[in-house]
Every structure is written in structure tokens, then in C-alpha cells.
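Accompanying notes for the structure given below.
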Amino acid sequence: MRIEQVVQVRGLVKRYGEKTAVDGLDLEVRAGTVTGVLGPNGAGKTTTVETCEGYRRPDAGTVRVLGLDPVADASALRPRIGVMLQSGGVYSGARADEMLRHMAKLHAHPLDVDALIERLGLDSCGRTTYRRLSGGQQQRLALAMAVVGRPELVFLDEPTAGLDPQARRATWALVRELRTDGVGVVLTTHFMDEAEQLADDIAILDAGRVIAQGSPEQLCRGGAENTLRFAGRPGLDLAALLKALPDGTAAAELTPGAYRISGKVDPQLLATVTTWCAQHGVMPEGISVERHTLEDVFLELTGRELRG
48 MRIEQVVQVR GLVKRYGEKT AVDGLDLEVR AGTVTGVLGP NGAGKTTTVE
98 TCEGYRRPDA GTVRVLGLDP VADASALRPR IGVMLQSGGV YSGARADEML
148 RHMAKLHAHP LDVDALIERL GLDSCGRTTY RRLSGGQQQR LALAMAVVGR
198 PELVFLDEPT AGLDPQARRA TWALVRELRT DGVGVVLTTH FMDEAEQLAD
248 DIAILDAGRV IAQGSPEQLC RGGAENTLRF AGRPGLDLAA LLKALPDGTA
298 AAELTPGAYR ISGKVDPQLL ATVTTWCAQH GVMPEGISVE RHTLEDVFLE
348 LTGRELRG
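Going by my numbering, the first residue of the sequence shown is number 48, and it counts up by one from there.
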């Protein structure tokens, strides 16, 4: 029987000494979807994912992966999931192709190894030892090892770090195919464009909690202000314009005749701006509304300062 909720996390708490890395976190991942787990360094992403993978035992809360406890039921769960780590998990003296073929033999119905090698551009380095592979080649091998067993759920940790544009696109295509095949995918990444392109749902973590969750469209529409731009004659009375606009709206003349209105840009605000321009004999030209990106939302929610 197919499990619709392939990951269910309720009230997860994980501490390291006096430090609380994860603080009452809830998370769900559905079959046939990509869930992006985003957050600044130290937000609790790695601890949360490693707990779901069974590598860490929660201090409080419940974690169920494919309906199983990832610690108590590890032996039953491991053959059904794929895990891509940023580093480690491969003997440094092993050749790329032999590691992948060994992994395939551990599963009853693996993918075609040769086809997977060709698809991920590993055919030229198959007989190269792992320690001599480039960083990008190691990443592609780790991805291949995670998916070769046809898992029901895949955890991908920074899958395109260090990849060139071609390999990055190939990785994206593979992730989309996994989703089409009904596989649940948990994706951690620092590339906001990657999360926007791939994720059906996104959970943004900070200080061990989920501070925002939804589809990329929902987060970008509701999490941050948008911008209205137009051109007109230089020197418009922006103070007078602002009196007609909602509280919290900002207006600026960036260069002579180039105007930017920031705030909750909706049909009413657009109508108010154009009406005000008409009343003052201004022909607004090149009107455009800029949707904020996921990166804008992420920075607004988690802050713009660097963290250690």
C-alpha cells in the first residue's frame, strides 16, 4: 500500500549538551513531491535530515519515515531510501564504477548502471579512484549511489554543489523524474533558484524551528514586499503620492524620471498610482511589477548578516 506521507515529523527536539539544535520542529513530505529544507548555517537543517535518515536519535518528538521509526526500524528502512551526503560514505581507494555497481547489487531492482553512468557524465572517470575524482565528479557519483536502488524516498544534501551548469541541469532533470515516478525527495540546498525550480513545498528553518512553509509561489507572494516601477517626468511630488497610498508604502526617484514604489503591490495600489498620475497630468510609462524572489523572502525572514 502506498504511503502518501513519506516523512512525518512532530515536535522534534534535538540537543547537543546545552545547545538546542532543533526545537519542536514539525515537517511533512508527501510522496511524489520535492520538499526543500532551507535555512542559514546553524538553523537545524542537517540535524533534522540526519534524524530522519536514522543517524541521530531525537531527544523528544516523533519521526516516521515511510511509516517506520528510522532508528528502531533502520534495517527495514535503509533498503527503501536513498541518501546523498555532501562527503563521506565512499572508500577513497575504490573506483567510481565499482562502487556504483556494488551499491546496485544491494538492491533487488536497481536502475541500469551503465545508463546512469552515461547520464550523469561518469563514463570518463569510471575507473578512477574516488580520491582522485574532482569535487563535481564526487557529487555526481554520490547522487548516482543514492538513486540507483530505485528508492521510495531520497534525501539530497546540496546535490549540485560544485557542479558545472550542464551537470546541474542533468541533476535537476533527474530530480524531476524521481518526482514523476512517485518518489518523495527531501532537498537541502543553499541555491535559492534551485529550490524555486525544483521544490513543490519549502520549509524555511531558523533557530531549529520552521518559520515559514509553503510552495515557492505562496512564499514569494506572501512573504515579502513587491516593487512597482514606472517612468515619468522628473521631480514628481512623491510626498503627495504617498498620502494616497497605504501605510508602509515607500516611494523613491532612483534616477531623474525613474520611480520605484515598494510595498504590498496589488491591483488597488496600481490603480491608485495610475489615477494619481492622471490627476497630475503624468503619463506613466514602462509600468512593471517585480515579484520578489525566494532569496528575497529568505533574507527577509532569516536576516542578511553573515553567520558562523
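Glycine residues also receive a C-beta, built at the ideal position from the N, C-alpha and C atoms.
Judged by DSSP in its simplified three-state form, PHE345 adopts helix.
Residue environment for GLY333: exposed (fewer than 16 other C-beta atoms within 10 angstroms of its C-beta). In the pairwise beta carbon analysis, the stretch 234-242 is classified as not touching the stretch 272-284: fewer than three pairs are separated by under 8 Å. In the DSSP annotation of this structure, the continuous segment of the alpha helix (DSSP H) that includes ASP240 starts and ends at 239-245. Under the three-state reduction of DSSP, THR67 is assigned to strand. Counting along the chain, VAL84 sits inside no alpha helix (DSSP H); it lies in the beta strand (DSSP E) bounded by residues 81-85. Listed in chain order, the non-local C-beta contacts of MET330 below 8 Å within the same chain comprise GLY279 and CYS324, local neighbours out to five positions each way being set aside. Annotation for ASP294: no alpha helix (DSSP H) segment contains it, and DSSP assigns it neither H nor E. Taking C-alpha positions only, ARG148 is separated from LEU169 by approximately 13 Å.
If you compare the alpha carbons of TYR102, ILE251 and THR109 with that of LEU85, the shortest gap goes to ILE251. Counting along the chain, THR235 sits inside the beta strand (DSSP E) bounded by residues 231-235. Look at the beta carbons and you see the stretch 149-161 not touching the stretch 110-118: under three pairs across the two are nearer than 8 Å. Counting the other Cβ atoms within 10 Å of the Cβ of PRO198 gives 16 or more, which makes it buried. For the pair of segments examined, the stretch 53-68 was found to touch the stretch 90-108: the number of CB pairs separated by less than 8 Å reaches three. Straight-line spacing of the CA atoms in ARG223 and CYS172 works out to 25 Å. Annotation for VAL112: no alpha helix (DSSP H) segment contains it, though the beta strand (DSSP E) segment containing it runs 107-112. Nearest C-alpha to LEU289 among PRO303, ALA299 and VAL137: ALA299.
Residues of the same chain with a CB within less than 8 Å of the CB of ASP70, apart from the 5 flanking positions on each side, are VAL60, GLY91, ALA254, GLY255 and ARG256 in chain order. The alpha-carbon of ALA286 is positioned some 17 Å away from that of THR302. Counting along the chain, the unbroken beta strand (DSSP E) around ARG307 starts and ends at 305-310.
In the structure shown, VAL320 falls within a helical segment according to DSSP collapsed to helix, strand and coil. Straight-line spacing of the CA atoms in ASP159 and GLU65 works out to 47 Å. Scanning GLN260, THR321, GLU347 and ARG307 for the CA closest to the CA of ASP73 turns up GLN260. Boundaries for MET131: no alpha helix (DSSP H) harbours it, while the beta strand (DSSP E) harbouring it runs 128-131, taken from the DSSP string. Contact check for VAL96 and VAL76: beta-carbon distance about 11 Å, past the 8 Å limit, so the pair fails to qualify.
Nearest to CYS267 by C-alpha distance, out of THR67, GLY231 and LEU348, is LEU348.
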